[in-house]
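A.B. asks: Below are the structure tokens for one structure; questions will follow.
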């Protein structure tokens, strides 16, 4: 990545299935005044090398986290990464496709994640979408939180400069596993 590429915003989408699979897509938006990423699309080898590097870097970051579901550790895995542009060569984004699994049970389930505490470099939002009959009961995380829908959709928003605690906990009820 070029030293001139600046992170601008991020979104994480977590789709929770009743089987215990959690499908995660994280999209990082950047400001790239020198069009570094755009220049890569003309060189397939350089693009492949960069995307593999980014995939490995994201995996290394995830490997430093401790993620548990119902007290049992699970290991998120980066499946792939994609590069795209939002209307301009100076506005690239990277989309990471991540998967992890836990053993859900009927009734109360707990997702927890421990990671390094830091100051947010950019605004980001995390969207959690649980099955239709699930209900989010409790959330402990940095940022502003909102539960809506039939209490099965959770949005966590963090602003640039906000201190991130390094811990997340989501307690949810899931019936008919």
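Residue numbers (the numbering used here): 219 to 395. Glycine is no exception: its CB is placed at the ideal position from the N, C-alpha and C atoms. These figures come from a predicted structure and were not determined experimentally.
With a Cβ-Cβ cutoff of 8 Å, do residue 391 and residue 352 count as a contact?
C.D. replies: Sequence index remark: in the chain shown, residue 391 carries index 173 (1-based). Sequence index remark: in the chain shown, residue 352 carries index 134 (1-based). Result yes, Cβ atoms of residue 391 and residue 352 sit closer than 8 Å.
A.B. asks: So what's residue 293 in DSSP terms, helix, strand or just coil?
C.D. replies: Translated into positions along the chain shown, residue 293 becomes position 75. In this structure, residue 293 counts as coil in the three-state DSSP scheme.
A.B. asks: DSSP puts residue 233 in a beta bridge; with which residues?
C.D. replies: Walking along the chain shown from the start, residue 233 turns up at place 15. Per DSSP, 241, 347.
A.B. asks: Report all residues from its chain with a CB closer than 8 Å to the CB of residue 248; omit the five preceding and five following residues, and keep chain order.
C.D. replies: Numbered from 1 along the chain shown, position 30 holds the residue referred to as residue 248. Here the set comprises 223, 224, 225, 226, 255, 309, 310, 311, 312.
A.B. asks: What is the rounded straight-line gap between the Cα of residue 296 and the Cα of residue 277?
C.D. replies: Within the chain shown, residue 296 is the residue found at index 78, counting from 1. Within the chain shown, residue 277 is the residue found at index 59, counting from 1. So the alpha carbons of these two residues sit roughly 6 Å apart.
A.B. asks: Can you give me the C-alpha to C-alpha distance between residue 273 and residue 240, rounded to a whole angstrom?
C.D. replies: As a position in the chain shown, residue 273 is number 55, starting the count at 1. As a position in the chain shown, residue 240 is number 22, starting the count at 1. Residue 273 and residue 240: Cα-Cα distance of roughly 18 Å.
A.B. asks: Alpha carbon to alpha carbon, what distance is there between residue 283 and residue 379?
C.D. replies: Start at 1 with the first residue of the chain shown, and residue 379 comes out as number 161. Start at 1 with the first residue of the chain shown, and residue 283 comes out as number 65. Cα-Cα distance, rounded: 21 Å.
A.B. asks: Just tell me which of 385, 280, 393 has its CA closest to the CA of residue 335.
C.D. replies: The residue labelled residue 335 in the question sits at position 117 within the chain shown. It is 385.
A.B. asks: Counting C-beta neighbours from all protein chains within 10 Å, is the total for residue 360 16 or more, i.e. buried, or is it exposed?
C.D. replies: The residue you call residue 360 lines up with position 142 of the chain shown. It is buried - the Cβ of residue 360 has at least 16 other Cβ atoms within 10 Å.
A.B. asks: Tell me, please, which residues DSSP counts as bridged to residue 329.
C.D. replies: Here the question's residue 329 lines up with position 111 in the chain shown. 287, 388.
A.B. asks: Report the rounded CA-to-CA distance for residue 281 versus residue 314, giving the unit in angstroms.
C.D. replies: In the chain shown, counting from the first residue as 1, residue 281 sits at position 63. In the chain shown, counting from the first residue as 1, residue 314 sits at position 96. Roughly 15 Å between the two C-alpha positions.
A.B. asks: Less than 8 Å between C-beta atoms, sequence neighbours within five positions excluded: which residues of the same chain meet that for residue 349?
C.D. replies: Indexing the chain shown from 1 puts residue 349 at position 131. Closer than 8 Å at the Cβ level, and outside the excluded window around residue 349, lie 234, 235, 236, 370, 392.
A.B. asks: According to DSSP, simplified to helix, strand and coil, what is residue 263?
C.D. replies: On the chain shown, residue 263 is found 45 positions in, with the first residue counted as 1. Helix.
A.B. asks: Since residue 228 and residue 244 should fall inside the 8 Å C-beta cutoff, what is the C-beta to C-beta distance between them, to a whole number of angstroms?
C.D. replies: Translated into the one-based positions of the chain shown, residue 228 becomes position 10. Translated into the one-based positions of the chain shown, residue 244 becomes position 26. Residue 228 to residue 244, Cβ: 7 Å. Contact.
A.B. asks: Output the boundary residues of the alpha helix (DSSP H) element that contains residue 257.
C.D. replies: On the chain shown, position 39 is the one that residue 257 refers to. Run containing residue 257: 254-258, per the alpha helix (DSSP H) assignment.
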